[in-house]
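Data block below; observations after.
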Amino acid sequence: MRISAGALIASTIILQTGCGDAGGRPDVVRIGYFPNITHSQAIIGLARGDFQEALGPGVTIEPVMFNAGPSAIEALFAGEIDMTYIGPNPAITGFVRSDGEALRIVCGATSGGASLVVADSSGIASGADLSGRRLATPQLGNTQDVALRGYLAANGLSTTDKGGTVEIVPTENPQILELLRQGQIDGAWVPEPWASRLVVEAGGRILVDERDLWPGGQFVTAHLIASTAFLEQHPDLVRRWITAHVRITLWERDNPEEAKALLNAQIATLTGREIPPAVLDSAWSRMTPTWDPVRSSLSASAQAAWQAGFLDEQPDLNGIYDLSELESVLSSMALPPLTE
């Protein structure tokens, strides 16, 4: 009997979804996130206890920290997490690889907050000047990696692995900072606060603020996905999580200075280093915390991933969203409905 990759992944996730009581409610909810300000709701909500309060005392939250999206998708495939904050391209890849079975996007998290930063001494003034250069991204196939490859293609360039002239070096964000300082790379496409850190701490200059490439400056940088099995079995817990997420987002917008301070303190705890105030202010100014998944930007990201060779065929994203719980939450809180 032949079993498709999607069916195998889906069955693995179903079998490994967390144990619970006799009524099927899990004892543990496993949530993935990154120590980046583009995942601000996750970091703040876990620190303040918003999510724990929303889920109730009978459920333990197990946070799992990742550096970039592909690792989080592999963990979701393995049934090691139930939900995760993640960028668009790993979510797209996971959806396509599982034949549309493994995951659903259930809520937005951040719009904006990613840039191509080049060494100020590099002489790079436009996309055409990237020929012959060595650039970094956080991980092969992650959201910024795909964005860089799409930008190169739009400027008539390709990467060395495709016979082109631009070398891309997938490297974790902390190492990217050191490489730019040492002059071992010419630039990097990274999320905040790393883009601002490259400018303030490593002599970088923003060549492309990714907002300038999207209509209205809006594009999804991070959203919340859930394993399909977890969403189908525990929609009440997903709704409770989203409710806390929306409330945190509203608080961030109303209290930006307090939000930045708390976020910075938690990032220092998670990474061992606080973000310098100038970096934090710069980074915060380029991103918008949200619950809107900015659906209009996802198809373009999917096309870029396909054209970059990360997908075997042109992607069909039909069914990737299940925003019913988010829409219910917005309605209950008298907030405006989602737009396309």
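Each residue of the sequence shown is one higher than the one before, starting from 149 at the first, in the numbering used here. Heads up, the beta-carbon is just placed ideally off N, CA and C, and yes, glycines get one too.
- The beta carbon of Thr438 sits closer than 8 Å to those of Gly256, Ala257, Thr258, Ser259 and Thr397, all from its chain and outside the five residues before and after it, given in chain order.
- Secondary structure of Gly248 (DSSP, three-state): coil.
- Residue Ile253 holds the alpha-carbon nearest to the alpha-carbon of Gly235 among Gly227, Ile253 and Ser246.
- Contact between Val477 and Val368 is absent: CB atoms are separated by about 18 Å, not below the 8 Å threshold.
- DSSP, reduced to helix, strand and coil, places Ala273 outside both helices and strands of the structure shown, so it counts as coil.
- Here Gly365 has Arg359 as same chain residues with Cβ atoms under 6 Å from its own Cβ, once five neighbours each way along the sequence are excluded.
- Here Glu461 is exposed, its C-beta having fewer than 16 other C-beta atoms within 10 Å.
- In this structure, the beta-carbon distance from Gln323 to Ala216 does not fall below 7 Å.
- The beta carbons of Ser270 and Val356 sit about 14 Å from each other, so the pair does not count as a contact at 8 Å.
- Check the Cα spacing between Ala377 and each of Asp470, Glu422 and Gln189: the tightest is with Asp470.
- Looking at the backbone, the Cα of Thr208 and that of Asp175 are separated by about 6 Å.
- In this structure, the beta-carbon distance from Pro339 to Thr186 falls below 7 Å.
- Here Pro363 is exposed: its Cβ has fewer than 16 other Cβ atoms, across all protein chains shown, within 10 Å.
- For Phe199, same chain residues with a beta-carbon under 7 Å away, outside a window of 5 residues either side, are Gly193, Ile209, Trp389 and Ala392 in chain order.
- Boundaries of the alpha helix (DSSP H) harbouring Val348: Trp342 to Ala350, taken from the DSSP string.
- Per DSSP, reduced to three states, the secondary structure at Ala216 is coil, with no helix or strand assignment.
- Under DSSP, Tyr233 shares a beta bridge with Leu372.
- The C-beta distance from Glu473 to Arg345 rounds to 35 Å, too long to fall under 8 Å, and the pair is not in contact.
- Around Ile373, the same chain offers Met231, Thr232, Ile234, Ala239, Leu251, Arg252, Ile253 and Val254 as residues with beta carbons nearer than 7 Å, after the five sequence neighbours per side are excluded.
- Rounded to whole angstroms, the separation of the alpha carbons of Asp402 and Arg329 is 36 Å.
- DSSP places Val442 outside both helix and strand once states are collapsed to three, so it counts as coil.
- Under DSSP, the beta-bridge partners assigned to Glu315 are Arg282.
- In the three-state DSSP reduction, Trp362 falls in the coil class, being neither helix nor strand.
- Residue environment analysis places Gly352 among the buried positions, since at least 16 neighbouring C-beta atoms fall within 10 angstroms of its C-beta.
- In its chain, beyond the 5 residues on either side, Ala284 have a beta carbon closer than 6 Å to the beta carbon of Thr319.
- For Leu300, the closest C-alpha among the options Arg434, Glu349, Ala456 and Ser430 is that of Ala456.
- With contacts defined by Cβ atoms closer than 7 Å, Gly275 and Asn303 form a contacting pair.
- When Met481, Glu475, Leu486 and Ser447 are compared, the shortest CA-CA separation from Val294 is found for Ser447.
- Ile316 and Leu296 do touch by the CB rule: their CB atoms are close to 7 Å apart, below 8 Å.
- As the crow flies, the alpha-carbon of Thr291 is around 9 Å from that of Pro218.
- Taking a 10 Å sphere around the C-beta of Asn184, we find 16 or more other C-beta atoms and assign the residue as buried.
- With fewer than 16 other Cβ atoms from the protein chains shown falling within 10 Å of its own Cβ, Pro484 counts as exposed.
- Going by beta carbons, Ala195 and Gln414 fall inside the 7 Å limit.
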